[in-house]
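Structure first, commentary second.
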Amino acid sequence: MKIFICCSKHFYKFIPPIKEELEKRGHSITLPNSYEDPLAEERIKKESREKHISWKTGMLLCQNQKIISNDSILVLNMDKDAQKNYIGGATFLEMFKAWEKEKKIFLYNPIPNNILEDEITAFDPVILNKDLSKIK
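Numbering (the numbering used here), first residue to last: -13 to 122.
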């Protein structure tokens, strides 16, 4: 299966062992936008509003292509500060686009209990509870 990993840049440190395990299981992995430079957005925000808008637009278009070219997405929703199973705005948009394109959605941890809970539930994701063997 071709899998696009989606998550907050704060969780990029968790990707290497997960990617390795998925590849051992025969899956092909697509990494998140700006994975190689997770602080790019922060630098661009400081330059100007216009540059940030342009950069963010490019990232949204890029994530759309990644979703289209993969069979599924794997959302790494880890704890961030006091937020359990955090899913940020860009990741939520990736989930919506995957749902819209009828791609399978996997959540590494359970759905977060927050304002987006009903919408995420409607996407009918497969909850892995950290068990990557459930990806089939």
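Each residue gets a CB set at the ideal place from its N, CA and C atoms; glycine is no exception.
Beta-carbon proximity check, residue i vs residue j, cutoff 8 Å
| i | j | result |
| --- | --- | --- |
| Lys98 | Lys70 | Looking at the sequence provided, one finds Pro at residue 98 rather than Lys. Yes, Cβ-Cβ distance for Pro98 and Lys70 is below 8 Å. |
| Ala54 | Ile15 | Residue identity differs from the one stated: residue 54 is Ile in this sequence, not Ala. No, these two residues do not count as a Cβ contact at 8 Å. |
| Leu79 | Ile(-11) | no |
| Lys90 | Ser119 | no |
| Ser(-6) | Gly74 | yes |
| Lys66 | His13 | no |
| Phe92 | Leu114 | yes |
| Tyr94 | Leu46 | no |
Same chain, Cβ closer than 7 Å to residue i, neighbours up to 5 away in sequence not counted
| i | result |
| --- | --- |
| Ile101 | none |
| Glu9 | Ile15 |
| Glu7 | Leu118 |
| Tyr72 | Ser(-6), Asn63, Met64, Asp65, Lys66, Pro98 |
Buried or exposed by the 16-neighbour rule on C-beta atoms within 10 Å, applied to residue i
| i | result |
| --- | --- |
| Gln51 | exposed |
| Val112 | exposed |
| Ala108 | exposed |
| Ala84 | buried |
For residue i, the nearest candidate out of the options (CA to CA)
| i | options | result |
| --- | --- | --- |
| Tyr21 | Glu88, Phe0, Ser34, Glu33 | Phe0 |
| Cys48 | Ala76, Glu36, Arg11 | Ala76 |
| Lys122 | Arg35, Arg11, Pro2 | Arg11 |
| Asn56 | Glu88, Pro3, Glu103, Asp104 | Glu88 |
Spatial neighbours of residue i in its chain, beta-carbon cut-off 8 Å, leaving aside the 5 residues before and after
| i | result |
| --- | --- |
| Tyr(-2) | Pro18, Tyr21, Pro24 |
| Trp41 | Ala26, Glu27, Ile30 |
Own chain partners of residue i with C-beta closer than 6 Å, once the 5 adjacent residues on each side are dropped
| i | result |
| --- | --- |
| Glu27 | none |
| Lys31 | His38 |
| Lys5 | Ile15 |
| Ile106 | Ile97 |
| Glu86 | none |
Cβ of residue i within 8 Å of any chain C Cβ
| i | result |
| --- | --- |
| Thr16 | Given the protein chain composition of this structure (a single chain), no chain C is represented. |
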